[in-house]
Structures are given as C-alpha cells and as structure tokens.
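Per our numbering, the very first residue in the sequence shown carries number 15; after that it's consecutive. Every residue, glycine too, gets a C-beta built ideally from N, C-alpha and C. On a predicted model such as this, the values are computed, not experimentally measured, just so you know.
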Amino acid sequence: MNLFKNMIISAIVLAVFAVIGTFFVSFTYDNTIDKINENKRIALLKAFHVLIPPAAHDNDIFNDIIRVTNKDLLGSNKAVNIYRARKDNKPVAVIINSVAPGGYSGNIELLVAINYAGTLEGVRVVHHKETPGLGDAIEENRSDWITRFKDKSLTNPDKKGWAVKRDGGEFDQFTGATITPRAIVKAVYNTLRYYNEHRDTLYE
Numbered sequence: 015m016n017l018f019k020n021m022i023i024s025a026i027v028l029a030v031f032a033v034i035g036t037f038f039v040s041f042t043y044d045n046t047i048d049k050i051n052e053n054k055r056i057a058l059l060k061a062f063h064v065l066i067p068p069a070a071h072d073n074d075i076f077n078d079i080i081r082v083t084n085k086d087l088l089g090s091n092k093a094v095n096i097y098r099a100r101k102d103n104k105p106v107a108v109i110i111n112s113v114a115p116g117g118y119s120g121n122i123e124l125l126v127a128i129n130y131a132g133t134l135e136g137v138r139v140v141h142h143k144e145t146p147g148l149g150d151a152i153e154e155n156r157s158d159w160i161t162r163f164k165d166k167s168l169t170n171p172d173k174k175g176w177a178v179k180r181d182g183g184e185f186d187q188f189t190g191a192t193i194t195p196r197a198i199v200k201a202v203y204n205t206l207r208y209y210n211e212h213r214d215t216l217y218e
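Rendered as structure tokens:
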C-alpha cells in the first residue's frame with residue numbers, strides 16, 4: 015500500500031514539474047519571439063542594403079513583396095518571397111528568396127538580387143546546414159565566393175558556363191566540397207530563368 019502511495023506522490027510531483035516547465039518555456043518563448051523576429055528583420059534589411067543600396071530605390075522593399083510558388087525554378091514547393099525595389103514608382107530590381115535544394119546537408123536558402131535588365135546585383139546565403147570548414151565557405155564572412163555572382167546573367171556566362179569548373183563551367187568549387195557550390199550555382203541560374211520568364215508580372 016505504501017509503495018502504491020509513493021508511486022502516486024511521485025507521479026503528482028512529476029506532473030507538477032512538467033506543468034511548471036511547460037509554463038516557463040511558453041513564457042520565455044512569448045517574451046522573446048518578437049525580439050527574434052525583429053533581429054531577423056534587421057539582418058534581412060542589412061542584406062538587402064548590401065545587395066541593393068538604399069540610394070537605388072525609394073520604396074519600402076521589406077513590405078513591397080509578393081509570394082510565388084515554382085518548385086522547379088525556385089527550389090521549394092512552398093511560396094517564397096519576392097521583394098521589389100522601385101524608384102519614382104519605376105521598377106529597379108527584385109530580391110528573390112529562392113532555395114537551393116541540393117546542398118550536402120539540406121536546403122540552402124538564398125537571397126538573389128536581380129536588376130530590371132536581368133543582371134545579378136548579388137547573392138547571399140541566409141540559411142544553411144553545410145559542414146563547417148567545408149561547405150560553409152558559401153558564407154560571405156568565410157570567403158568571397160558568394161560575391162562572384164555579381165554582374166552575371168543568363169548570357170554571362172552562357173548556359174554551359176553556369177556550372178562548377180569540375181562540370182565544365184566557370185565557377186570555382188571548394189576543396190573537398192563540390193556539392194554545395196554546385197547546388198548554389200544551379201539555384202541561382204534557375205532563379206534567373208524564373209525572373210526572365212516572369213519579369214513583366216513581378217512588378218505589378
């Protein structure tokens with residue numbers, strides 16, 4: 015009887031601790047989620063201003079967005095954001111939040127900035143799970159590899175050139191890590207293709 019009583023007491027104590035723990039986790043989440051979202055917003059705006067300088071547009075890029083879905087060219091079966099830059103109400107550029115699905119350790123989330131003429135203003139990685147010391151060279155603070163997309167387009171280089179050098183293209187791969195740059199090169203090229211096919215409707 016005492017054993018049963020002790021088991022009941024232990025179960026009650028565990029239940030109380032579980033409730034208290036859940037409360038504190040929920041409380042912490044509720045009190046930090048706004049800060050986390052604000053930090054993400056600041057980080058995105060910082061990347062936007064690097065890709066498209068504030069002087070190049072006069073609208074609020076962060077809120078001038080559309081959401082589109084195109085798994086084949088944008089790498090995700092979910093809708094992705096397209097941020098639009100304008101000046102004097104005329105189109106300047108877009109920043110497409112596309113995905114490279116073929117990374118070594120999973121999806122690589124990108125910001126691909128393309129000016130109205132269809133030339134890249136730049137590319138940045140905003141999220142990835144690639145191997146530290148190998149695939150993470152795609153980060154701007156690790157190497158300048160990601161910055162080399164600037165001024166590229168569908169015709170510069172030609173289609174054959176849009177590959178890593180190991181595959182006969184013009185883009186460098188990393189020592190011991192070809193999969194990661196290969197995935198990004200393909201994703202950027204496909205994003206350019208999407209823009210080329212839909213440019214006239216993206217600014218509406």
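Report the three-state DSSP secondary structure of residue i (helix, strand or coil).
i    : result
K85  : helix
G147 : coil
N53  : helix
A70  : helix
E135 : strand
N210 : helix
N155 : coil
N170 : strand
N204 : helix
Quick one: what's got a C-beta closer than 8 Å to residue i's C-beta in the same chain, skipping five residues either side?
i    : result
N204 : D86, L87, L88, G89, S112
Sort out for me which residues DSSP pairs residue i with in a bridge.
i    : result
E123 : V113, H141
I79  : Y97
P105 : R100
V178 : F185
I128 : V108, L134
Under the assumption that residue i contacts residue j (Cβ atoms under 8 Å), give the Cβ distance between them as a whole number of angstroms.
i    : j    : result
I56  : I80  : About 22 Å separates the two Cβ atoms, so there is no contact after all.
I152 : T192 : In fact, because the Cβ distance is near 12 Å, the residues do not count as touching under 8 Å.
Y118 : E144 : 6 Å
Y209 : I128 : 5 Å
I'd like to check one pair, residue j with residue i: are the Cβ atoms closer than 8 Å?
i    : j    : result
D165 : L124 : no
I160 : V178 : no
Below 7 Å CB to CB, which residues in the same chain sit around residue i once its five sequence neighbours on both sides are set aside?
i    : result
R156 : D150
W176 : G183, V199, Y203
A93  : R81, V82, T83
Residues in its own chain within less than 6 Å of residue i by CB, not counting five upstream and five downstream?
i    : result
G116 : A197
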